[in-house]
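Residue numbers (the numbering used here), protein chains in the order written: chain F, 34 to 306; chain C, 566 to 851; chain B, 1170 to 1418.
Set out below in C-alpha cells:
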C-alpha cells in the first residue's frame, strides 16, 4: 500500500502560524502603543474626583428642573427656528455636493494624473473635515455676521471634505474595464467621466448625499450656540436664562426632528437606491 | 430590417421623474434662500469683510505655544479616554442589542440606549454634562463616551445581525464549544468591520474633542473660543492649523491601524506603501 | 496598414515581455496571435492602441507612428481602432443603446454626449448594428441584464460603431462557453469581411484560431516564432510555440 499523502514540504518547515514574525511584532507594537496612550492619558488628564462623585446627584437635580416640559414655548419661538434649521441643513448639503464633486474628481489620481493637483485637492478635503462645523460657524459669523447665512456656509464647508472623501473612494472602486474601453475608442476625458465613471458611482453618490444630510440636520441644530442661526439660538438663550423647562422643550424638539430625518432617509434609501 | 422610423425617436427611454425632481429641488432652493434671507447682495457684502478677516488671520501667531500645547494635549486625552470607554461599553451593549443572538427583553432596552445615545449632538450632551459635573475634561470625556456608544453600538449590532449563519453553522457542525464558535465563526466576520469603525470613531472623537471646549467641556476648543472673542485672529489661525495637523496625524494613525489589523501589514509594508504613494502613475492622454 | 517595427516592452528592466517584434498587418483578413499565457500576446495587442506603453519601437498605423502620438492626436487615432475585450468592458448600468453609442464618443462633444444628443445617423446605424449582431429589440435593456455572449455582441457592435480601420480583439472568447465562442468568432469574422476591416485577435484556443484566421502569429518568450497560414500549424510548430508535448494528445 502506498504511503498516504506524501507531502513535498519537509516536516521541519510545516509549522503553521497565523501571523509571520514581522506581523506579530507590528501588532504587538500597536497594542503597546495603545495601552501606553490610555495609561498616559488617564494619569495626566485633569479631573476633579469630587465632581465625579457628585455627578449622579447633579444630573438628578438637572432632570428635576427640566420637568414639566414647557410645551407652550413651541409655537412662539421654536417652530420657526426649527424650520430654519432644516433649511440650513438642506441648503448647506446641496452647496457641499456641488462643491465636493469637482474637488473629489481632482483628488482622484486615475482621473487627474497630476500628483500636485491630487495632493492639493486632498489637502482641501482634509482641512474641510478637520475643522468642526461649530468652528466653521464661528468663522463665518465673524465674516458675515450672525444668522442663517453663516450657518449654511458652515454646514457646506464642513461637508465638502466628507462628501469629497467618500466620493473619491467610490471613484477609486469603479471598475477600470469600461473606462479602458472608452479610452480605446478615443473618447475625450469629459466623456470618460460622464459615461465611464458616473454611471458606476451614481448610487454611491446619492447614498453619501443622504447620509451627510442626516448628519447635517443634527449639526445644524447646534450652530445657533455660536450665533449661526436655527434652533441653537433658542437653546442658547434658554440656557443663558436658566429656563430649564424651555431647554427641555428645545431638546425634545431637536430629538423629534432628528428621528424624523432618520425615518425620511431610511424610506428614501429603500425606495430609490 | 426590423426597425421602423417611429422607434428611432426614442433611442433613450428616459424616465420623467429625474427631471421633475430637479425642478422641485430648484424651486426649494429659491424658497429656502428667501426664508433664510440668503441673497447674493449679502454674500457680496460679506466678501469685503471676508478679505479683511483673512488678512487678520495671517500670519498665524504661534508665540503663545504653551497654552496651545496644553489645550491640544487635553483634547488628545479626552479623545483617547472617551474612545476607550466608549468602545469598551459599546461592545457588550452592541452584543446585547443583537436580535439574532439575544432575546427581546435584553435586545430592546439595549437598542433604546444606543438610539438615545446617538440622537443628541455631542455638543448638547457636553452642555448637559458640564451642568452636571462642572467645567473641564470630565464633561468632555463623558459626552464623547456617550457619542461613541451610540455610533459604535449601532454599527456593531448591525454587523452582528448581518453575519452569515452558514459560517457559524459550519463551525457548530464540527462540535466546537460556544466560545470557539464565537472565535472562529462570528468574530472573523465582524472583526474587520469593527476595526474600521473603531478607528473611525477614534478619529471622530479627536475632531469632536477639539470642539467641545467651546461649551466648557475641556480641550483646545475653549482656547479657540476665547481667542475668537478677543478678536485675536492670528492666534485663532495658529490654533486651527494645529488642530488640522493633529487630525491629519490621527487619520494616518487610523489608516495604519486598519492596515495592520485588517490586512495584516507589517511596518515594512506600511513604509513601502508610503513610498508607493509618492510615485506618479504615468497615464496616457488628455 | 499596421506596421510594428522593433516593438519591445519590459515592465521590469531586463525581463522583456515583448522583444523586438517586427510584423506587418495588411488591410484585410483576420490575423490570430496564439501562444502560452504570459508570452505577451495581450501586451502586443494593447501596445497597438497604446493602452500599454511600449518601451521601444514604432507602431505605424496608416503612416502615423502611434508610439509618438499624445493628447488629442492619440485620441483621434484611437477612434479608428476598435477593440473587443475579454471581459466585454461594457458600462453595466447603461442600456445597450447607450453602450453602442459609446463607440461614437470620440466624435461627439462631451456636452452633447451627456445630454444624449447624438447625430440621427449614428442612432440609425446603432439600430442596424443591433440587428446585425442579433440583438434587435435589446436597445433599452441594461447591459448587466445580458448574458456573456450577448454582452460580447454588444462589445463587437460598439467597436464597429467607430467605423474602425482596424479591429483589435483581446481574448474575446476566453470568458465564453465553447458554443458561444464559435458564434462570436463567426459574428466577428463575418462583420469584418463584409465591412472590409482587418482583425488582429489574440486567443488561447488553437482550434478556434485555425478555423477562423487567415494568418497565424505564434508567440513564445516575447518573440514571434511562427508566421503563416493555419494549414502550416503542425505539431512541431505548436510544440515550438507552446512547449511541452503532453497537451497535444
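Using N, Cα and C, we set each Cβ at its ideal position, and we do this for glycine too.
Exercise for the section: For chain C, find out if any of its Cβ atoms is closer than 7 Å to the Cβ of residue 264(F); answer yes or no. Expected result: no
Problem - Whether residue 69(F) touches residue 250(F) by CB criterion (7 Å) - result: no
Practice task
Inspect the beta-carbon positions of residue 298(F) and residue 110(F) and report whether they are closer than 7 Å.
Solution key: no
Handout entry: Rounded Cβ spacing between residue 736(C) and residue 750(C) (contact assumed at less than 8 Å)
Key = Contact flag correct, Cβ pair sits at about 4 Å.
Exercise for the section: Following the continuous alpha helix (DSSP H) through residue 232(F), name the residue where it begins and the one where it ends. Expected result: 231 to 256
Exercise for the section: Would you tell me roughly how many angstroms separate the C-alpha atoms of residue 705(C) and residue 164(F), rounded to the nearest one? Expected result: 18 Å
Handout entry: Residue-level contact to chain F via CB, residue 577(C), 7 Å cutoff
Key = no
Handout entry: Residue nearest to residue 1383(B) in terms of C-alpha spacing, selected from 1370(B), 1317(B), 1272(B)
Key = 1370(B)
Exercise for the section: Would you mind sorting residue 1346(B) into buried or exposed? The rule is 16 or more other CB atoms within 10 Å of its CB. Expected result: exposed
Exercise for the section: Using three-state DSSP, classify residue 664(C) as helix, strand or coil. Expected result: coil
Exercise for the section: Could you check if residue 686(C) is buried or exposed, using at least 16 other CB atoms within 10 Å of its CB as the buried criterion? Expected result: buried
Exercise for the section: Give me the Cα-Cα distance between residue 1391(B) and residue 232(F), rounded to the nearest whole angstrom. Expected result: 38 Å
Exercise for the section: Could you spell out the range, first to last residue, of the beta strand (DSSP E) harbouring residue 1193(B)? Expected result: 1184 to 1194
Practice task
Go ahead and label residue 274(F) buried or exposed: buried means 16 or more other beta carbons lie within 10 angstroms of its beta carbon, across all protein chains shown.
Solution key: exposed
Exercise for the section: Determine, using beta-carbon pairs with one atom in the region 1237 to 1253 of chain B and one in the region 1327 to 1337 of chain B, whether at least three such pairs fall under 8 Å. Expected result: yes
Problem - CB contact below 7 Å: residue 151(F) versus chain C - result: no
Handout entry: Within-7 Å CB hit, residue 1364(B) to chain C
Key = no
Exercise for the section: Could you tell me which residues DSSP pairs with residue 1395(B) in its beta bridges? Expected result: Answer is 1387(B).
Practice task
Under 7 Å Cβ to Cβ from residue 836(C), same chain only, skipping five residues before and after it: list those, please.
Solution key: Here residue 836(C) has no same chain residue with a Cβ atom under 7 Å from its own Cβ, once five neighbours each way along the sequence are excluded.
Exercise for the section: Flag this pair as yes or no: are the beta carbons of residue 170(F) and residue 149(F) separated by less than 7 Å? Expected result: no
Handout entry: Distance between residue 752(C) and residue 258(F) (C-alpha atoms, nearest Å)
Key = Residue 258(F) and residue 752(C): Cα-Cα distance of roughly 42 Å.
Handout entry: Local Cβ density within 10 Å of residue 235(F), reported as buried at 16 or more and exposed below that
Key = Per the 10 Å Cβ criterion, exposed.
Practice task
Determine the DSSP secondary structure at residue 1287(B), reduced to helix, strand or coil.
Solution key: coil
Practice task
For residue 1251(B), write down the residues that DSSP places opposite it in a beta bridge.
Solution key: 1336(B)
Exercise for the section: Name the two residues that bound the continuous alpha helix (DSSP H) containing residue 1180(B). Expected result: Careful: residue 1180(B) lies outside any alpha helix (DSSP H), inside the beta strand (DSSP E) at 1171 to 1181.
Practice task
Starting from the C-beta of residue 255(F), find all residues in its chain whose C-beta is less than 7 Å away, skip the five residues before and the five after it, and write them out in chain order.
Solution key: 167, 265
Practice task
Kindly list, in the order they appear in chain C, the residues whose Cβ is closer than 7 Å to that of residue 1309(B).
Solution key: 578
Practice task
Might you give, ordered along the chain, the residues of its own chain that have their beta carbon closer than 6 Å to the beta carbon of residue 87(F), omitting 5 neighbours on each side?
Solution key: none
Practice task
Counting only the same chain and skipping the five closest in sequence on each side, list residues whose C-beta sits under 8 Å from that of residue 847(C).
Solution key: For residue 847(C), the pLDDT reaches just 30, beneath the cut-off of 50, and the residue's location in the model is therefore unreliable, leaving the point undetermined.
Exercise for the section: Indicate whether at least one CB of chain C lies closer than 7 Å to the CB of residue 1285(B). Expected result: yes
Exercise for the section: Could you tell me which of 201(F), 176(F), 207(F) sits nearest to residue 617(C), measuring between CA atoms? Expected result: 176(F)
Practice task
Report, in whole angstroms, the separation of the C-beta atoms of residue 679(C) and residue 658(C), which I expect to be a contact under 8 Å.
Solution key: 6 Å
Exercise for the section: For the region 1258 to 1273 of chain B, enumerate the residues whose C-beta is nearer than 9 Å to any C-beta of chain C, in chain order. Expected result: 1264, 1266, 1267, 1270
Handout entry: residue 854(C) and residue 802(C) closer than 7 Å at C-beta
Key = As displayed, chain C neither begins before 566 nor continues past 851, which places residue 854(C) out of reach and without an answer.
Exercise for the section: Give the interface partners of residue 213(F) over in chain B, defined as CB-CB distance under 7 Å, in chain order. Expected result: 1220, 1258
Handout entry: Uninterrupted alpha helix (DSSP H) stretches inside the region 1208 to 1259 of chain B (no shorter than 4 residues)
Key = As summarised for the region 1208 to 1259 of chain B, the continuous alpha helix (DSSP H) elements at least 4 residues long and confined to that stretch are 1210 to 1217, 1240 to 1248, given in chain order.
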